[in-house]
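Undergrad: Below is the structure I would like to discuss, written out as structure tokens.
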Amino acid sequence: MVPPSSAMAATKLRPPARPPRLVDRSRLTAVLDDALSNGVPLVLVSAPAGSGKSTLVTSWVADQQVDVAWLQLEESDADPARFWASVTAAIGRVRPSVAEAVGPLVVGSQGHADVVVPALVNELAGLDERLVVVLDDYHLVDSADVHKGVERLLDLCPAQLMVVLATRADPPFRLGRMRVRGRVGELRAGDLRFDAAEAASLLGAVAAGLDERRLGDLCDRTEGWAAGLVLAGLSLERTEDAARFVETFRGDDQLVAGYLADELLAVLEPEERRRMVEAAVLHRLTGPLLDAVTGSTDGARWLDDLAGRNQLVIRLDSTGEWYRYHHLFRDLLLLEARRSFPDLLPQLNRSAAAWFEANGYPAAAVEHLLIAGDRDHAMDLMRIVGPDLLGSGQLRTLRNLLERIGAGGPLDTVCSLLAGWVHYLRGRYDDAERCLTDAAERMPPGFDAMRAMPLRINLALGRGDVAAALAGAREVSAAGDLAARPSEL
Numbered sequence: 000m001v002p003p004s005s006a007m008a009a010t011k012l013r014p015p016a017r018p019p020r021l022v023d024r025s026r027l028t029a030v031l032d033d034a035l036s037n038g039v040p041l042v043l044v045s046a047p048a049g050s051g052k053s054t055l056v057t058s059w060v061a062d063q064q065v066d067v068a069w070l071q072l073e074e075s076d077a078d079p080a081r082f083w084a085s086v087t088a089a090i091g092r093v094r095p096s097v098a099e100a101v102g103p104l105v106v107g108s109q110g111h112a113d114v115v116v117p118a119l120v121n122e123l124a125g126l127d128e129r130l131v132v133v134l135d136d137y138h139l140v141d142s143a144d145v146h147k148g149v150e151r152l153l154d155l156c157p158a159q160l161m162v163v164l165a166t167r168a169d170p171p172f173r174l175g176r177m178r179v180r181g182r183v184g185e186l187r188a189g190d191l192r193f194d195a196a197e198a199a200s201l202l203g204a205v206a207a208g209l210d211e212r213r214l215g216d217l218c219d220r221t222e223g224w225a226a227g228l229v230l231a232g233l234s235l236e237r238t239e240d241a242a243r244f245v246e247t248f249r250g251d252d253q254l255v256a257g258y259l260a261d262e263l264l265a266v267l268e269p270e271e272r273r274r275m276v277e278a279a280v281l282h283r284l285t286g287p288l289l290d291a292v293t294g295s296t297d298g299a300r301w302l303d304d305l306a307g308r309n310q311l312v313i314r315l316d317s318t319g320e321w322y323r324y325h326h327l328f329r330d331l332l333l334l335e336a337r338r339s340f341p342d343l344l345p346q347l348n349r350s351a352a353a354w355f356e357a358n359g360y361p362a363a364a365v366e367h368l369l370i371a372g373d374r375d376h377a378m379d380l381m382r383i384v385g386p387d388l389l390g391s392g393q394l395r396t397l398r399n400l401l402e403r404i405g406a407g408g409p410l411d412t413v414c415s416l417l418a419g420w421v422h423y424l425r426g427r428y429d430d431a432e433r434c435l436t437d438a439a440e441r442m443p444p445g446f447d448a449m450r451a452m453p454l455r456i457n458l459a460l461g462r463g464d465v466a467a468a469l470a471g472a473r474e475v476s477a478a479g480d481l482a483a484r485p486s487e488l
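Heads up: the sequence shown at position 397 corresponds to 396 in numbering that gives the first Met the number 0, and the numbers run straight through without jumps.
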């Protein structure tokens, strides 16, 4: 397993900081409390973007006495090896013995659920106290293999474990069967809608200018949608006629994009607006990274100030080092960026890539380089990223990166060999052979041809050609390169 060695990676494994303005939602946290008390394996928190799912679960987690393992999921977690490595790492933060036992199996099996899940269940069953595992943004995981594995984990769920799954869409589990057996608690969009009292608490001082009727009207217009209420609150801070504002405000998500541009971005100073929009190319924000991308010099102070006064910017750690935009807010800012300065987006991503590369995050650098269209530099960095992904069994992630690079032209020798390993490990020997041929044809002067031999030997063994494998091994031995491994590509 590849541990989360960086501060940025560690933010995946910690709940966001508790929001500065707390709202009493005990009617909802009671569902989580009851599930925990009654040994229910799964609590499904399923609602559209901006409904307050993560905030609710974060607030509940902060009040728990039991151990909580938090995992903030990303699209790249659709790779089964990466997903189960991340789950294991999250559990390892509170129960290191579980990660020590299961982590090597994740790597060795490339995240195969038939290997990982039984081992994980056995380790969890040996715990002497309850453990809650939170999987936030589960809708980002587009993988039938991962879904099958998680459902299997829930089927075998030991009494010590409860899973809280926050998502915008129901997972493809057999929820009907779980409901009949009393093995799932549910919080849905209708449950998460704010009532008038909760809305008043969320809005804080700005709600003082609204009487009970107008506060109720605002809840009706937003349908209790958390993001709509937050946006309304930001405007109420500036309006002189609160009653008129409530009469004209619409909080449905179809109009939020226009509302954001007209009411939030339009009132910002040009430099402030531009920095906020430019920063939307980043999934996570920290002061030095923000400065590198936007050209500012006070990124850390700006983020701290912004998070303190804007609930659409979320602290990811207690030290105030890493932040992120609310997902919906970032989506809208990206739309604004594409509308306002599309030609600048490649440079913003190149600047982000340069910072990530210089600060030891080569995988993040590759992602931004590909978005920027700089495939040559991305291909160079794959010499670092690729072997790490291969060694940790993250074949789906590696395959996707190579396919994106390959869409722009031929792969170089190292990337061709990496692609060959991916095909070999998936049992596609003919494709792996073609990659070996491509690697040989594009091999630059001075490249050690022995670096291709481990793949050639494994292919021969896979095809049952023992003679060819032995011949390759003798060739490696004669070259004095007995230690050649995929990780040394």
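Ideal placement from N, C-alpha and C gives every residue a C-beta, glycine not left out.
Measure the alpha-carbon distance for Ser339 versus Asp216 and round it to whole angstroms.
TA: 34 angstroms
Undergrad: Roughly how many angstroms lie between the CA atoms of Asp252 and Phe172, to the nearest whole one?
TA: Low confidence applies here, because Asp252 scores a pLDDT of 48, under 50, leaving its location unreliable; read the following figure in that light. So the two alpha carbons sit approximately 28 angstroms from each other.
Undergrad: Less than 8 angstroms separating the beta-carbons of Gly372 and Pro345?
TA: Contact: yes.
Undergrad: Report the option in Leu315, Ala48, Gly38 whose CA atom is closest to the CA atom of Gly184.
TA: Gly38
Undergrad: Should Leu174 and Leu72 be called a contact, given that it needs their Cβ atoms to be closer than 8 angstroms?
TA: no
Undergrad: Going by alpha carbons, who is nearest to Gly294 out of Ala306, Arg283, Glu271, Leu401?
TA: Glu271
Undergrad: For Val65 versus Arg129, is the C-beta distance shorter than 8 angstroms?
TA: yes
Undergrad: Would you call Glu236 buried or exposed, if buried means 16 or more other Cβ atoms sit within 10 Å of its Cβ?
TA: exposed
Undergrad: Just the C-alpha distance for Arg81 and Gly392, rounded to the nearest angstrom, thanks.
TA: 8 angstroms
Undergrad: Which class does Ala165 belong to by DSSP, given the choice of helix, strand or coil?
TA: strand
Undergrad: Looking at the structure shown, is Gly184 part of a helix, part of a strand, or coil, going by DSSP?
TA: strand
Undergrad: Quick check on this structure: which residue in Thr436, Arg273, Gly461, Ile456 has the alpha carbon closest to the alpha carbon of Leu489?
TA: Residue 489 lies beyond the range of the chain shown here (0 to 488); nothing can be said about it.
Undergrad: In or out: Leu267 buried (at least 16 other Cβ within 10 Å) or exposed?
TA: By the 16-neighbour rule on beta-carbons within 10 angstroms, Leu267 is exposed.
Undergrad: Compute the distance between the beta-carbons of Leu201 and Ala46, then report whether it is under 8 angstroms.
TA: With respect to Ala46, Leu201 sits apart: the two C-beta atoms are not nearer than 8 angstroms.
Undergrad: From Thr396, Ala48, Phe355, pick the residue whose C-alpha is nearest to that of Thr166; which is it?
TA: Ranking Thr396, Ala48, Phe355 by Cα distance to Thr166 puts Ala48 first.
Undergrad: Taking 6 angstroms as the limit between beta carbons, can you name the residues of its chain near Asp169, skipping five residues before and five after?
TA: Ser45
Undergrad: Tell me the start and end of each unbroken alpha helix (DSSP H) in the segment 124-177 that is at least 4 residues and wholly inside, in chain order.
TA: At a cut-off of 4 residues, the continuous stretches assigned as alpha helix (DSSP H) that sit fully inside the segment 124-177 are 143-154.
Undergrad: Name the residue from Glu222, Ser85, Leu460 whose alpha carbon lies nearest to the alpha carbon of Leu424.
TA: Nearest to Leu424 by C-alpha distance, out of Glu222, Ser85, Leu460, is Leu460.
Undergrad: Please state whether the Cβ-Cβ distance between Leu70 and Ala89 is less than 8 angstroms.
TA: yes
Undergrad: Rounding to the nearest angstrom, what Cα-Cα distance links Thr57 and Arg17 in this structure?
TA: 6 angstroms
Undergrad: Just to confirm my understanding: we take Asp430, look at its own chain, exclude 5 residues before and 5 after, and list those with CB closer than 7 angstroms. What are they?
TA: His422
Undergrad: Only counting the same chain, and skipping five residues up and downstream in sequence, which positions put a Cβ closer than 7 angstroms to that of Pro19?
TA: Gly307
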